[in-house]
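K.L.:
Numbering (UniProt numbering), first residue to last: 1 to 325.
(1) So does the region 104-119 actually touch the region 136-145, counting three or more Cβ pairs closer than 8 Å?
(2) Taking the runs of the beta strand (DSSP E) that are 3 residues or longer, which of them lie wholly in the region 66-152?
(3) Let me know if residue 17 comes out buried or exposed under the rule of 16 or more other beta-carbons within 10 Å of its beta-carbon.
(4) So which of 265, 14, 267, 247 has the shortest CA-CA distance to residue 315?
(5) Would you mind giving the Cβ-Cβ distance between residue 123 and residue 181, rounded to the nearest angstrom? I have them listed as a contact below 8 Å.
(6) Let me confirm a value: residue 171 is counted as buried when at least 16 other C-beta atoms fall within 10 Å, else exposed. Which label applies?
(7) Who pairs with residue 56 in a beta bridge, going by DSSP?
(8) Give every residue of the same chain whose Cβ lies closer than 6 Å to the Cβ of residue 89, excluding the five residues on either side of it in the sequence, and list them in chain order.
(9) If you draw a straight line from the alpha carbon of residue 28 to that of residue 217, how long is it in whole angstroms?
(10) Kindly give me the distance between the Cβ atoms of residue 209 and residue 67, rounded to whole angstroms, as I take these residues to be in contact under 8 Å.
(11) Please classify residue 311 as buried or exposed, where buried requires at least 16 other C-beta atoms within 10 Å of its C-beta.
(12) Ordered along the chain, which non-local residues of its own chain (more than five positions away) have a Cβ less than 6 Å from that of residue 31?
(13) State buried or exposed for residue 265, treating a residue as buried only when at least 16 other CB atoms are found within 10 Å of its CB.
(14) Go through its chain and collect everything with a Cβ distance to residue 34's Cβ below 7 Å, but skip five positions before and after it.
(15) In the DSSP assignment, find the alpha helix (DSSP H) that holds residue 5 and state where it starts and stops.
(16) Specify the secondary structure class of residue 303 as computed by DSSP and reduced to three states.
(17) Check each candidate in 307, 104, 1, 130 and name the one with the smallest Cα separation from residue 158.
(18) Taking only three categories from DSSP, how would you classify residue 297?
(19) Residue 290 to residue 269, Cα distance in whole Å?
(20) Please state whether DSSP places residue 348 in a helix, a strand or coil.
(21) When the Cα of residue 193 is compared with those of 173, 184, 42, 63, which residue comes out closest?
(22) For the alpha helix (DSSP H) that residue 230 lies in, which residues bound it at each end?
(23) Going by the beta-carbon positions, is the gap between residue 187 and residue 258 smaller than 9 Å?
(24) Looking only at its own chain, which residues have a Cβ that is under 6 Å from the Cβ of residue 271, when we skip the five neighbours before and after it?
(25) Would you tell me roughly how many angstroms separate the C-alpha atoms of residue 84 and residue 103, rounded to the nearest one?
(26) Report yes if the C-beta distance between residue 225 and residue 14 is below 9 Å; otherwise report no.
(27) Kindly indicate which residue of 53, 118, 196 has the alpha-carbon position closest to the one of residue 221.
(28) Taking the CB atoms as reference points, tell me whether residue 200 and residue 155 lie closer together than 9 Å.
(29) Please confirm whether residue 202 and residue 235 have their CB atoms less than 9 Å apart.
(30) Does the beta-carbon of residue 288 have 16 or more other beta-carbons within 10 angstroms, so that it is buried, or is it exposed?
(31) Look up residue 165 in the DSSP assignment and say whether it is helix, strand or coil.
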């Protein structure tokens, strides 16, 4: 079983099957809308914004990549907390930008080092909250201070927001001219294989991202299924997310019983500091349990990231981990 990629382990939304059966073959021979107009309208309704505030992409990481190219020139600095989503420094280097990591604050909350991020002089600061891989959240006070004092754009990646308690920052995207919030259909909505993401920001920011984005970033079926999920399956998504959170806390208790101490998490995963994480991860794979291995994470050290889903999967993972330890 694969617990390594933080996707929805409960499966795809119910309406996806209907859309694929009823519309699939009819749509295969046609190009999608160049800039996903149907998806933009569905996202706007879901997020409570105007269509002009919405951009979309081939997953939220595509929106992030487009934003880096839209707002920065080669040689510019992009700053981000460390550790965080591993694709951000990779995207930066691919666009000839200078990635500058700033360690999260030491202590139990692992909050943003606002002063350190601002001191980089970055024209774009990336913040993932809940953060991947730690699962920790940025405090509102820290994030608002960062937005108020940033030199340029603050990009807030909320791929895991559906699993949080009060950590939604879409209001900043609605009210601040320098904030872009990105979301994904890959996690709580269970559509990772279709690669659909979106962002919300001021129309002026969105227009620049759209220029860097280019047309035809979604398949016809991908857009149709994402629209159906946003309009019909939000209650299903919320129920899956609630169960994932409940099982995350049960898993936390089981890990503590094994002598481990997972980091506080508001995602659908736990980051578990473990000595010799690579050896432990390989031993788990031999028992058909695949988790994400991290070595030498800043402020954490070696760790395993374990995705949370139906309890039978979590129980099997605990059993295998007990054998390995």
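We put the beta carbon where it would ideally sit given N, CA and C, even for glycine.
P.N.:
Straight from the coordinates:
(1) yes
(2) 77-82, 98-103, 124-128
(3) The residue given as residue 17 occupies position 17 in the chain shown. It is exposed - the Cβ of residue 17 has fewer than 16 other Cβ atoms within 10 Å.
(4) In the chain shown, counting from the first residue as 1, residue 315 sits at position 315. Nearest of 265, 14, 267, 247 to residue 315, Cα basis: 247.
(5) Counted from its first residue, the chain shown places residue 123 at position 123. Counted from its first residue, the chain shown places residue 181 at position 181. Residue 123 to residue 181, Cβ: 18 Å. No contact.
(6) Counted from its first residue, the chain shown places residue 171 at position 171. Its Cβ having fewer than 16 others within 10 Å, residue 171 is exposed.
(7) In the chain shown, the residue the question calls residue 56 occupies position 56. DSSP output for residue 56 lists 198 as bridge partner(s).
(8) Here residue 89 corresponds to residue number 89 of the chain shown, with the count starting at 1. Once the five neighbours on either side are set aside, the close Cβ partners of residue 89 are 99.
(9) Translated into the one-based positions of the chain shown, residue 28 becomes position 28. Translated into the one-based positions of the chain shown, residue 217 becomes position 217. Rounded to the nearest angstrom, the two C-alpha atoms are 15 Å apart.
(10) For the purposes of this step, residue 209 is taken as the residue at position 209 of the chain shown. For the purposes of this step, residue 67 is taken as the residue at position 67 of the chain shown. So it is a contact: roughly 5 Å between Cβ atoms.
(11) Locating residue 311 in the chain shown gives position 311, counting from the first residue. With fewer than 16 Cβ atoms within 10 Å of its Cβ, residue 311 is classed as exposed.
(12) Sequence index remark: in the chain shown, residue 31 carries index 31 (1-based). Excluding residues within five positions, none has a Cβ falling inside 6 Å.
(13) Position 265 of the chain shown, counting from 1, holds the residue named residue 265. Buried, since its Cβ has 16 or more Cβ neighbours within 10 Å.
(14) Taking the chain shown and counting its residues from 1, the one referred to as residue 34 is at position 34. Excluding residues within five positions, the ones whose Cβ falls inside 7 Å are 215, 216.
(15) Here residue 5 refers to the residue found at position 5 of the chain shown. Residue 5 -> no alpha helix (DSSP H), and no H or E assigned at all.
(16) Here residue 303 refers to the residue found at position 303 when the chain shown is read from its first residue. DSSP places residue 303 in strand when its eight states are reduced to three.
(17) Numbered from its first residue, the chain shown carries residue 158 at position 158. If we check each option's Cα against that of residue 158, 130 comes out closest.
(18) Locating residue 297 in the chain shown gives position 297, counting from the first residue. Looking at residue 297 - three-state DSSP - the assignment turns out to be strand.
(19) Here residue 290 corresponds to residue number 290 of the chain shown, with the count starting at 1. Here residue 269 corresponds to residue number 269 of the chain shown, with the count starting at 1. For residue 290 and residue 269, the distance between alpha carbons rounds to 13 Å.
(20) Any answer about residue 348 is impossible in this case: the structure gives the chain only from 1 up to 325.
(21) Within the chain shown, the letter at position 193 stands for residue 193. Checking every option, the nearest Cα to that of residue 193 belongs to 184.
(22) The sequence position of residue 230 within the chain shown is 230, counting from 1. Residues 220-232.
(23) The residue labelled residue 187 in the question sits at position 187 within the chain shown. The residue labelled residue 258 in the question sits at position 258 within the chain shown. Their beta carbons are not under 9 Å apart, which means residue 187 does not touch residue 258 by this criterion.
(24) Here the question's residue 271 lines up with position 271 in the chain shown. If we look at residue 271 and ignore the five residues flanking it on each side, its Cβ neighbours are 133, 134, 135, 263, 303, 305.
(25) Sequence index remark: in the chain shown, residue 84 carries index 84 (1-based). Sequence index remark: in the chain shown, residue 103 carries index 103 (1-based). Computed Cα separation, rounded: 10 Å.
(26) Here the question's residue 225 lines up with position 225 in the chain shown. Here the question's residue 14 lines up with position 14 in the chain shown. No, Cβ-Cβ distance for residue 225 and residue 14 is not below 9 Å.
(27) Mapped onto the chain shown, residue 221 falls at position 221. Ranking the options by Cα distance to residue 221, first place goes to 196.
(28) To locate residue 200, count along the chain shown from 1; it is residue 200. To locate residue 155, count along the chain shown from 1; it is residue 155. No. Outside cutoff.
(29) The residue given as residue 202 occupies position 202 in the chain shown. The residue given as residue 235 occupies position 235 in the chain shown. No.
(30) Numbered from its first residue, the chain shown carries residue 288 at position 288. Exposed, because fewer than 16 other Cβ atoms sit within 10 Å of the Cβ of residue 288.
(31) One-based indexing of the chain shown puts residue 165 at position 165. It is coil, neither helix nor strand.
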